[in-house]
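Undergrad: Got a structure here, written out as structure tokens. Questions coming.
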Amino acid sequence: MVNQMYQECIDACLECMEACNSCYDACLREEDVKMMADCIRMDRECADICAFAIKAMQSNSPFAKQIIALCAEICQACGEECQKHSHHDHCRKCAEACFRCAEVCRKMVA
0 MVNQMYQECI DACLECMEAC NSCYDACLRE EDVKMMADCI RMDRECADIC AFAIKAMQSN
60 SPFAKQIIAL CAEICQACGE ECQKHSHHDH CRKCAEACFR CAEVCRKMVA
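Letter 58 of the sequence shown, counting from 1, is numbered 57 in numbering that gives the first Met the number 0, and no numbers are missing.
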């Protein structure tokens, strides 16, 4: 059973991971993929750290707090990158999920 204190953070990370994966896929289909390269890279990084943070929380890792802190940092950076492309619906939604996840993660480690 997952430690209940982590549940809000796990949910935020899952939502962020899904938004990043969707954004990544949509960015690859944009007309100017080169222009989206940084966004694509950040989407991958963010989705990966969210998945890793979820796993750390679910297994009650002794390093969970450090991983969650790093997750907050990467989510913030991804949100800032996606926000640059907010004229794309997928980037706007991804930025919102990233910022929300960063906030929840920061609260978790405070």
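Ideal placement from N, C-alpha and C gives every residue a C-beta, glycine not left out. Computed from a predicted structure; not experimentally measured.
(1) Is DSSP giving phenylalanine 62 helix, strand or coil here?
(2) Report back the beta-carbon spacing between cysteine 104 and cysteine 70 to the nearest angstrom; my notes put them in contact at under 8 Å.
(3) Please report the straight-line C-alpha distance between cysteine 8 and cysteine 26, rounded to a whole angstrom.
(4) Which residue from Gln6, Asp88, Met34, Ile67 puts its Cα closest to that of alanine 101?
(5) Report the option in Met16, Glu29, Gln6, Ser60 whose CA atom is closest to the CA atom of histidine 87.
(6) So, for isoleucine 39: in the same chain, excluding its five sequence neighbours on each side, which residues have a beta-carbon less than 7 Å away from its beta-carbon?
(7) Any heavy atom of the ligand COA closer than 7 Å to the beta-carbon of arginine 43?
(8) Mind checking alanine 109: buried by the 16 CB within 10 Å criterion, or exposed?
(9) Who are the near neighbours of arginine 91 in its chain, counting only those whose CB is closer than 7 Å to its CB and skipping five residues on each side?
(10) Terminal residues of the continuous alpha helix (DSSP H) containing valine 108?
TA: So, from the listed chains and residues:
(1) coil
(2) 5 Å
(3) Near 26 Å, if we compare the C-alpha coordinates of cysteine 26 and cysteine 8.
(4) Checking every option, the nearest Cα to that of alanine 101 belongs to Ile67.
(5) Glu29
(6) Counting only Cβ-Cβ distances below 7 Å, and skipping sequence neighbours, we find Tyr23, Cys26, Leu27.
(7) Of the ligands one can find in the structure shown there are none, so the ligand COA has no counterpart to examine.
(8) exposed
(9) Ser85
(10) Where valine 108 is concerned, the enclosing alpha helix (DSSP H) stretches over 88-108.
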